[in-house]
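I have placed the structure first, in the form of structure tokens, so that the comments after it can refer back to it.
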Amino acid sequence: MVNTPRPDDLTSNVVATIAHLRHKAGLTLEDLADRAGLHRTSLGLVERGERGLTIESAAKIAEALDLSLGSLISCAEADEEDVSPQDTALSPRRLPASVSLNEGRLLQLTGLESSAIRSAVEYVYDTLDLIDAELIARGSKPISGLVELANLSSMIGNLVGAGIAEASSGLYVRNQPHTFPDLVPQRSDLPDLEIKTALEKNRPKGHLPKEGVYLTFRYVLGGPKGEYVRGKDGRGRTAWIWEVRVGYLGLDDFSISNTEGDSGKTAVIKSNSFKSMSAVMYDPRFFPYERNWGGLSASGATDT
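Take the sequence shown: its position 207, counted from the start at 1, is 191 in the working numbering, and no numbers get skipped.
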């Protein structure tokens, strides 16, 4: 028998949902384990609540059930909150198509559909939510309270890369960590893709300037239900990606600093160059500026 999950434990709800979907599909533990490439005993321990569910295992199980990780978590959220999956699709962690901008520019530069960007952002949300649920269940702070913001930005960048690769229909694969480019094209007509992340109003940066096509992701820290208060004092525990931009950058589009105490040289995207990049996703709920910036405002895109 599957343990009854606590209402506030998303991980337990995911486990319960896996068991429910397995039974509904008429699959035995052995069947699902074989499909997911997991050991039957390990899956049984997870279902009985005797072993934790890792993100990697959750993703494999979701795929074995013909679901994305996000869809699996949506089902778990629906069970947790006693709402329909249709209502869950409207939760603050699900992104409507209306957040996408400049779809033609994105396709031209990267070969990616706008849905791939939205899927990647939701992949970040789902993964961070699973991590937080497990940490909180163990009496710990969520991940944003355990790591430095620079490390959180790096983590989000890695998750974004994995999410884009997964949603790209085979156009890109993830490169090794700390290796240029972040995403390796699988067709000769596609460019290398580099991913940069930054918090709030900060401009993305790296250790060395490199010419090429960039995807930049900026995020804020708000509440788990989408609450957001602008400014450092209003930061919450939950990461929300508010802006994604795409563009081709040359070496002259970076400012180089070598400040004493900094870990080597730092290449920051110049302000005008950054503004010239096309916004391809924008969630106005989390706009961190007091005034319009880069064609965006608190009410939506002003110039795309």
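Beta carbons are placed, not taken as given, at the ideal position from N, Cα and C, and that holds for glycine.
query	result
Taking the C-alpha atoms as reference points, what is the distance between Val157 and Ala146?	8 Å
By DSSP's criteria, Thr181 is part of a beta bridge. Which residues make up the other side?	Phe201
Considering only the beta carbon of each residue, do Lys189 and Pro272 sit closer than 8 Å?	no
Spatial neighbours of Asp176 within its chain, please: C-beta separation below 6 Å, excluding the five flanking residues on both sides.	Pro165, Gly196
Between Ala263 and Ser82, what straight-line distance do the alpha-carbon atoms span, to the nearest angstrom?	13 Å
Measuring alpha carbon to alpha carbon, tell me which of Asp267, Ser152, Arg77, Ser52 ends up nearest Pro290.	What the structure shows of the chain is the stretch from -15 to 288, and residue 290 is not part of that stretch, so it cannot be assessed.
Just verifying my parser: in three-state terms, what is the DSSP assignment at Thr222?	strand
Kindly list the residues whose CB is nearer than 8 Å to the CB of Lys44, restricted to its own chain and excluding five residues on each side of it in sequence; keep chain order.	Ala20, Gly21, Leu22
Which one or two residues does DSSP pair with Pro169 in a beta bridge?	Tyr156
Measuring CB atoms only, is the region 82 to 97 touching the region 229 to 241, in the sense that at least three cross pairs come out at less than 8 Å?	yes
Please determine if the region 26 to 42 and the region 107 to 120 are in contact, where contact requires at least 3 C-beta pairs separated by less than 8 Å.	yes
Quick one: residues in its chain with C-beta nearer than 7 Å to the C-beta of Ser98, no 5 flanking neighbours on either side, listed in chain order?	Ser84, Glu87, Leu90, Val264
DSSP three-state label for Arg315, please.	Nothing about residue 315 can be read from this structure; the chain reaches only from -15 to 288.
Run through the DSSP bridge pairs and tell me what Lys189 is partnered with.	Val252
How many angstroms separate the CA atom of Lys259 from the CA atom of Arg187?	10 Å
Any idea what DSSP makes of Glu34, helix, strand or coil?	coil
Over the uninterrupted beta strand (DSSP E) stretch that includes Ile148, give me the two end residues.	First-last for Ile148: 133 to 151, but that is the alpha helix (DSSP H), not the beta strand (DSSP E).
Would you tell me roughly how many angstroms separate the C-alpha atoms of Ala73 and Thr222, rounded to the nearest one?	Only weak support exists for where Ala73 lies, its pLDDT of 45 falling under 50; the value from the coordinates is given anyway. The straight-line gap from Cα to Cα measures roughly 19 Å.
Between which residues of its own chain and Glu14 is the CB-CB distance below 6 Å, once the five residues before and five after are set aside?	Arg24
How far does the alpha helix (DSSP H) with Val264 in it extend, from its first residue to its last?	No alpha helix (DSSP H) contains Val264, which is instead part of the beta strand (DSSP E) from 262 to 266.
Are the beta-carbon atoms belonging to Leu49 and Val(-2) less than 8 Å from one another?	no
So for Phe270, helix, strand or coil by DSSP?	helix
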